[in-house]
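J.:
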Amino acid sequence: GIPAEPLFRSASLVITIIALGLILMLGFTYFMVSQAIAPIHQLAHQAHDMAEGVYDGHLTQSPRADEIGQLQNSFYTMQQSIASYVADLTKVQSETKQRGAELQIAKTMAEEADRKKTAFIQDLYHQIRTPLNIISGFAQVLRDGHSMIKDDDFKVITHDMQQNSHTISNIIDNWTS
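The opening residue of the sequence shown carries number 2 in the numbering used here; numbering runs sequentially from there.
1) In whole angstroms, what separates the C-alpha of Arg-10 from that of Asp-50?
2) Apply the 10 Å Cβ neighbour rule to Leu-60 and answer buried if 16 or more other Cβ atoms are within range, or exposed otherwise.
3) With a Cβ-Cβ cutoff of 7 Å, do Asn-165 and Ile-136 count as a contact?
4) If distances are taken between C-alpha atoms only, which option among Asn-175, Arg-116, Gln-141 comes closest to Met-162?
5) Whole angstroms is fine: what's the gap from Glu-96's alpha carbon to Ala-102's?
6) Beta carbon of Ile-83, beta carbon of Pro-40: below 7 Å?
7) Just checking my contact of Trp-176 with Leu-125 at CB under 8 Å: how many whole Å lie between their CB atoms?
8) Mark Phe-191 as exposed unless 16 or more other C-beta atoms lie within 10 angstroms of its C-beta, in which case mark it buried.
9) Which residues bound the alpha helix (DSSP H) around Met-26?
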C-alpha cells in the first residue's frame with residue numbers, strides 16, 4: 002500500500018478543503034438569506050412603529066416582483082394611506098379646535114349682547130315708566146276731581162300730561178330709528 006503519512010496529509014487536506022468549503026457555503030447562505038429576509042425585518046420594524054403610532058417611517062416601494070416585494074409594496078401603500086388619514090384627522094382636529102374657539106368667542110359676544118339688550122330694555126322701561134306714571138296720576142286726578150280743579154291748575158295738569166306724552170313719543174321714536 003500507500004504510506005500512512007501521505008494518506009493522512011491527503012485526508013487532512015481534503016477535510017480542510019471540505020471544512021473551508023462548508024464555512025464559505027455557510028457564510029454565502031447566511032448572506033443570501035439575510036438579503037432575502039431584510040425586507041421582512043424592515044416590515045416587522047415598521048409594523049412595530051405603526052403599532053406605536055408612528056406612521057412616517059422610511060419604508061420604500063420594492064422593485065422585487067416576488068411575494069416579499071408585493072408584501073413590502075402593499076405595506077408601503079397601507080402606511081401611506083394611514084399617514085394621509087392621520088394627517089387629515091390632525092387637520093380636522095385643528096379646524097375643530099379653531100371653530101370651538103370661534104364659537105366660544107361668539108358665545109361670549111352673544112352673552113354680552115344679551116346683557117346690553119337687557120340693560121337697554123331696563124333703561125327704556127325706566128325712561129318710559131316715569132312719564133307714564135305722571136300721565137296716569139294726572140288722569141286719575143282729572144277723573145276723580147275734575148269739577149274741583151281750578152282752570153289754571155287744569156291747564157298745568159294737561160300741559161304736564163301732554164309734555165310727558167311727548168317725552169314717551171320721543172323715547173319710542175329714538176328707540177325705533
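C-beta: ideal position from N, C-alpha, C; glycine also.
Predicted model, so just to flag it, every value in this text is computed and none were measured.
T.: According to the structure data:
1) 57 Å
2) buried
3) yes
4) Gln-141
5) 10 Å
6) no
7) 6 Å
8) Shown here, the chain extends from 2 to 178; a query on residue 191 therefore has no answer.
9) 5 to 52
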